[in-house]
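One structure below.
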Amino acid sequence: MATAPTVRLADGQALPAIGLGTSPMNDAEAEIAVREALQVGYRLVDTASKYANEIGVGRGVATANVPREQVVVATKVRGDDQGYGSTLSAFEQSRKRLGMDYVDLYLIHWPLPRLDKYVDSWRAMVRLQADGVVRSIGVSNFTAEQIDRLLDETGVAPAVNQIELHPFFPQPQMRAADAERGVLTQSWSPLGRGRGILPAKPVADAAARVDRSPGQVVLRWHVQLGAVPIPKSASPERQRENLDVFDFTLTDEEMAGISSLGRGRFGGDPMTHEEF
Ligand code: NDP
Numbered sequence: 001m002a003t004a005p006t007v008r009l010a011d012g013q014a015l016p017a018i019g020l021g022t023s024p025m026n027d028a029e030a031e032i033a034v035r036e037a038l039q040v041g042y043r044l045v046d047t048a049s050k051y052a053n054e055i056g057v058g059r060g061v062a063t064a065n066v067p068r069e070q071v072v073v074a075t076k077v078r079g080d081d082q083g084y085g086s087t088l089s090a091f092e093q094s095r096k097r098l099g100m101d102y103v104d105l106y107l108i109h110w111p112l113p114r115l116d117k118y119v120d121s122w123r124a125m126v127r128l129q130a131d132g133v134v135r136s137i138g139v140s141n142f143t144a145e146q147i148d149r150l151l152d153e154t155g156v157a158p159a160v161n162q163i164e165l166h167p168f169f170p171q172p173q174m175r176a177a178d179a180e181r182g183v184l185t186q187s188w189s190p191l192g193r194g195r196g197i198l199p200a201k202p203v204a205d206a207a208a209r210v211d212r213s214p215g216q217v218v219l220r221w222h223v224q225l226g227a228v229p230i231p232k233s234a235s236p237e238r239q240r241e242n243l244d245v246f247d248f249t250l251t252d253e254e255m256a257g258i259s260s261l262g263r264g265r266f267g268g269d270p271m272t273h274e275e276f
């Protein structure tokens, strides 16, 4: 069985170097996919209150026959629940839906600068970590300025920033900004949701050379960038394929060729996107 190595977060916690995404699965789909993924070797699962599948994710973890302490479960606070007290109660609801005593990684899903409550949410996350019900705290879709504001106002940096990252949107500046601040970058939509990345020539050429699938080449590109991808797959075959990216290496030229596919984001802009 393939397993992923781990990377060390600034707070000392270990994070598997690849994880399973669960959007847009419903509870029933997530339960099956998470159980199968853990059985083929995944040890990191990404969900969110917004995905409305935390019950299924929790059931998948509970029935996979893998000790709970070996699994890293990440969930996120949605826009509607931002603010100090509402983040504390939203966390409690997520924890109950997951059926878990603690959550490994809790993220602010989007900054929502117009709402301007993310610092209050962050103070609540700091408290949840101090209370021991969350192991690591982080953010998603944050800019460098927004991370700096958290640091300035609370003295605590996020362990993780989960951002849109794939060969069509390689984000060199944001990755560098995260790294400068000791923040681990996680990649959402790491395969670009299959929107034309897999057949692109630099990906196909590298896949032919290393005798791997285009999906594996793209996920290996993330690993070599130092980012942790969370590809979603409901298929056990593709889950297994996606996990099996730790025994080959792309050359510097292949890495640069894949990064040169950059053309822009397809998801929301963190400065303007509103998610509730
Ligand atoms: P991905 O880039 O992970 O692409 C998923 C799609 O690719 C699915 O259709 C899947 O189909 C297919 N696929 C998976 N593996 C392969 C493969 N090896 N070869 C070919 N096709 C493949 O996109 P997502 O948008 O799902 O992003 C991943 C996760 O990131 C989400 O599930 C979610 O957890 C998180 N996310 C976070 C966001 C945030 O704001 N923080 C925003 C968006 C996503 P199949 O299932 O049939 O295998």
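The sequence shown maps to residues 1 to 276 in this note's numbering.
We put the CB at the ideal spot given by N, CA and C, even for glycine.
When the beta-carbon positions are compared, Q239 and S233 come within less than 7 Å of each other.
The C-beta of R135 has 16 or more other C-beta atoms within 10 Å across all chains shown, which makes the residue buried. With respect to V217, A207 sits close: the two C-beta atoms are nearer than 7 Å. Per DSSP, reduced to three states, the secondary structure at S213 is coil, with no helix or strand assignment.
In the same chain as E54, and ignoring 5 residues on each side of it, the C-beta atoms closer than 7 Å to its own belong to T47, T75, S94, R97 and L98, in chain order. Under the three-state reduction of DSSP, Y84 is assigned to helix. Per DSSP, the beta bridge partners of A14 are R8.
Setting aside the 5 residues that flank it on each side, G132 is surrounded in the same chain by Y102, each with a C-beta closer than 8 Å to its C-beta; the list follows chain order. In this structure, DSSP gives A52 a state outside helix and strand, which the three-state scheme calls coil.
In terms of Cα proximity to L105, the closest of L112, V71 and P111 is V71. Y84 has its alpha-carbon roughly 7 Å from the corresponding atom of R123.
In this structure, P214 sits near V203, with a CB-CB distance shorter than 7 Å. Relative to the ligand NDP, S23 has its C-beta within less than 6 Å of a heavy atom. Leaving aside the five residues that flank A17 on each side, the residues in its chain whose CB is nearer than 7 Å to its CB run, in chain order, A4, P5, T6, V7, V223 and V228. Between the alpha carbons of P167 and V160 lies a gap of roughly 20 Å. Secondary structure at G79: helix, using DSSP grouped into helix, strand and coil. Put simply, of D205, A130, R263 and D269 the residue whose alpha carbon is nearest the alpha carbon of M255 is D205.
Of the residues assessed, S49 falls on the buried side of the cut-off, its CB having 16 or more other CB atoms within 10 angstroms. The DSSP-derived three-state label of S121 is helix. Secondary structure note for R135: its beta strand (DSSP E) is the uninterrupted segment V134 to S140.
Secondary-structure assignment with DSSP links P229 through a beta bridge to S187.
When secondary structure is reduced to three states using DSSP, E164 falls in the strand class. At least one heavy atom of the ligand NDP is found less than 6 Å from the C-beta of I230. At least 7 Å separates the beta-carbon of T143 from that of S121. Here DSSP, grouped into helix, strand and coil, assigns L105 to strand. Rounded to the nearest angstrom, the Cβ distance from V61 to V34 is 6 Å, consistent with a contact under 8 Å.
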